[in-house]
Each structure stands twice: as C-alpha cells, then as structure tokens.
Amino acid sequence: MSSLSSKQGPRYRHAADGGEPYETIAVEKLTPIIGAEITGVDLGKLVSDDARSNRQIDEIHRALAENLVI
C-alpha cells in the first residue's frame with residue numbers, strides 16, 4: 000500500500016483548539032483548514048504607538064499564524 004493513501008495528509012491535520020479569544024479584532028474562518036477573514040481593523044490607526052494598536056497587530060499576527068491566510 001502506498002504511503003500516499005494514508006489519511007495523515009493536510010486534510011486531516013489536527014485543528015488547534017479555539018485558544019484565547021480575540022479582543023480587538025473579529026476572525027471568521029473561511030474553511031476548516033486554511034483561511035480567515037478579519038474585521039474591526041482600521042489600518043490608519045495601526046501606525047500609532049498606543050497599546051490598543053500594538054495589541055491589534057499582535058492579534059493580526061496570531062490570526063495569520065493560526066489560519067495561514069488572512
């Protein structure tokens with residue numbers, strides 16, 4: 000039997016638990032495996048040095064890491 004017939008490919012990848020919720024953005028998964036849409040981001044405010052924009056940048060980065068495409 001070929002190793003390619005195994006059900007261990009990316010379609011059966013272990014999905015991470017929900018993790019901690021996002022506080023400054025909304026993330027909606029587009030598919031079970033890859034892709035999400037984020038809302039609640041004002042790109043004009045991301046360049047400021049306030050704590051909220053820093054937290055939002057961190058959450059955008061986490062959304063990218065968890066969903067691979069945003």
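Numbering (numbering that gives the first Met the number 0), first residue to last: 0 to 69.
For every residue, glycine included, the Cβ atom is placed at its ideal position computed from N, Cα and C.
Beta carbon of L63 nearer than 8 angstroms to that of Q55
For L63 and Q55, no; Cβs fall outside 8 angstroms.
Own chain residues within Cβ distance below 6 angstroms of T38, not counting five before or after:
Cβ within range, chain order: A25.
Under 8 angstroms between the Cβ atoms of E58 and T23?
Result yes, Cβ atoms of E58 and T23 sit closer than 8 angstroms.
Using 10 angstroms around the beta-carbon of A50, count the other beta-carbons present and answer buried if the total reaches 16, otherwise exposed.
By the neighbour-count rule (16 or more Cβ atoms within 10 Å), A50 is not buried but exposed.
Going by C-alpha to C-alpha distance, which of N66, E27, K28, N53 sits closest to D41?
Here the closest residue by C-alpha is N53.
Leaving out the 5 sequence neighbours to the left and right, which residues in its chain are closer than 8 angstroms to G34 when beta-carbon positions are compared?
Hits under 8 angstroms: K28, N66, L67, V68, I69.
Euclidean distance between Cα positions of E36 and S47
When rounded, the distance between both Cα atoms is 23 angstroms.
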